[in-house]
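In what follows, a single structure is set out as C-alpha coordinates and then discussed.
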Amino acid sequence: MTPEKDLEALFALDAAPRRDPAFEAMIAKRIARRRAVAAVGAAAPLAVAGGALLWGLRPVWSGLVEGAVMPEPEGAVLAAAVLALGSALAVVRQVLRG
3 MTPEKDLEAL FALDAAPRRD PAFEAMIAKR IARRRAVAAV GAAAPLAVAG GALLWGLRPV
63 WSGLVEGAVM PEPEGAVLAA AVLALGSALA VVRQVLRG
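So for the sequence shown, the working numbering puts the first residue at 3; every next one is plus one.
This is the structure we're talking about:
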(Lines of atoms letter the chains of each structure in order from A and count residues from 1; the text may use other names and numbers.)
(Lines give C-alpha, C1' and ligand atoms only; values in the text may rest on other atoms or scores of the structure.)
Protein backbone atom coordinates (compact mmCIF):
# COMPACT_ATOMS: atom_id res chain seq x y z
CA MET A 1 0.00 0.00 0.00
CA THR A 2 1.11 3.48 -0.70
CA PRO A 3 1.39 6.07 2.06
CA GLU A 4 -1.63 7.88 0.62
CA LYS A 5 -3.73 4.73 0.80
CA ASP A 6 -2.59 4.15 4.38
CA LEU A 7 -3.64 7.67 5.33
CA GLU A 8 -7.00 7.28 3.56
CA ALA A 9 -7.64 4.04 5.41
CA LEU A 10 -6.67 5.65 8.72
CA PHE A 11 -8.91 8.67 8.15
CA ALA A 12 -11.77 6.44 7.01
CA LEU A 13 -11.74 4.77 10.43
CA ASP A 14 -12.08 8.13 12.19
CA ALA A 15 -14.84 9.47 9.97
CA ALA A 16 -17.64 11.31 11.66
CA PRO A 17 -20.81 9.31 12.17
CA ARG A 18 -23.53 9.81 9.58
CA ARG A 19 -25.98 10.73 12.34
CA ASP A 20 -25.23 12.72 15.44
CA PRO A 21 -27.78 11.81 18.15
CA ALA A 22 -26.85 14.75 20.38
CA PHE A 23 -27.32 17.23 17.55
CA GLU A 24 -30.61 15.63 16.52
CA ALA A 25 -31.86 15.76 20.11
CA MET A 26 -30.90 19.43 20.39
CA ILE A 27 -32.72 20.28 17.15
CA ALA A 28 -35.78 18.24 18.19
CA LYS A 29 -35.84 20.10 21.51
CA ARG A 30 -35.71 23.47 19.73
CA ILE A 31 -38.50 22.45 17.37
CA ALA A 32 -40.65 21.22 20.27
CA ARG A 33 -40.06 24.44 22.21
CA ARG A 34 -40.96 26.55 19.17
CA ARG A 35 -44.15 24.52 18.62
CA ALA A 36 -45.09 24.83 22.29
CA VAL A 37 -44.62 28.60 22.24
CA ALA A 38 -46.67 28.82 19.04
CA ALA A 39 -49.45 26.71 20.57
CA VAL A 40 -49.55 28.86 23.70
CA GLY A 41 -49.53 31.97 21.55
CA ALA A 42 -52.44 30.60 19.54
CA ALA A 43 -54.37 29.72 22.70
CA ALA A 44 -53.80 33.07 24.41
CA PRO A 45 -56.46 34.93 22.40
CA LEU A 46 -58.93 32.18 23.23
CA ALA A 47 -58.19 32.54 26.93
CA VAL A 48 -58.52 36.33 26.75
CA ALA A 49 -61.79 36.02 24.83
CA GLY A 50 -63.11 33.53 27.38
CA GLY A 51 -62.17 35.82 30.24
CA ALA A 52 -63.79 38.79 28.54
CA LEU A 53 -66.92 36.74 27.89
CA LEU A 54 -67.13 35.66 31.52
CA TRP A 55 -66.52 39.23 32.67
CA GLY A 56 -69.24 40.47 30.34
CA LEU A 57 -71.70 37.83 31.51
CA ARG A 58 -71.04 38.58 35.17
CA PRO A 59 -74.20 40.67 35.70
CA VAL A 60 -76.36 38.04 34.00
CA TRP A 61 -74.62 35.21 35.81
CA SER A 62 -75.05 36.83 39.22
CA GLY A 63 -78.79 37.13 38.53
CA LEU A 64 -78.98 33.46 37.58
CA VAL A 65 -77.01 32.35 40.62
CA GLU A 66 -79.18 34.41 42.98
CA GLY A 67 -82.34 32.81 41.59
CA ALA A 68 -80.93 29.28 41.69
CA VAL A 69 -81.73 26.82 44.44
CA MET A 70 -78.32 26.75 46.10
CA PRO A 71 -76.64 28.46 49.01
CA GLU A 72 -75.63 31.99 48.08
CA PRO A 73 -71.84 32.30 48.44
CA GLU A 74 -70.95 28.62 48.14
CA GLY A 75 -73.05 28.17 45.02
CA ALA A 76 -71.54 31.18 43.31
CA VAL A 77 -68.04 30.03 44.14
CA LEU A 78 -68.81 26.50 42.97
CA ALA A 79 -70.33 27.73 39.72
CA ALA A 80 -67.39 30.03 39.07
CA ALA A 81 -64.94 27.22 39.83
CA VAL A 82 -66.72 24.87 37.43
CA LEU A 83 -66.68 27.49 34.68
CA ALA A 84 -63.03 28.32 35.30
CA LEU A 85 -62.06 24.64 35.30
CA GLY A 86 -63.96 24.02 32.08
CA SER A 87 -62.31 27.00 30.43
CA ALA A 88 -58.87 25.91 31.63
CA LEU A 89 -59.42 22.38 30.31
CA ALA A 90 -60.50 23.75 26.94
CA VAL A 91 -57.37 25.90 26.73
CA VAL A 92 -55.11 23.02 27.77
CA ARG A 93 -56.67 20.75 25.14
CA GLN A 94 -56.14 23.42 22.51
CA VAL A 95 -52.51 23.85 23.53
CA LEU A 96 -51.72 20.14 23.71
CA ARG A 97 -53.45 19.32 20.44
CA GLY A 98 -50.86 21.43 18.64
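Note that beta-carbon positions come from the ideal geometry of N, C-alpha and C, so glycine has one too.
Reduced DSSP category for residue i - H, G, I as helix; E, B as strand; rest coil
i	result
arginine 37	helix
leucine 55	helix
methionine 28	helix
aspartate 8	helix
arginine 99	helix
arginine 60	helix
Test item: CB-CB of residue i and residue j under 9 Å
i	j	result
serine 64	alanine 78	yes
alanine 54	valine 97	no
arginine 99	alanine 40	no
leucine 56	leucine 85	yes
aspartate 11	methionine 3	For the record, residue 11 in the displayed sequence is alanine; it is not aspartate. Yes; because the gap between Cβ atoms is below 9 Å, this pair is in contact.
Same chain only: Cβ atoms within 8 Å of residue i, ignoring 5 sequence neighbours per side
i	result
glycine 52	Ser89, Ala92, Val93
6 Å Cβ shell around residue i - same chain, five flanking residues per side excluded
i	result
arginine 35	none
Residues near residue i in its chain [Cβ-Cβ closer than 7 Å; skip 5 each side]
i	result
alanine 45	Val93, Gln96, Val97
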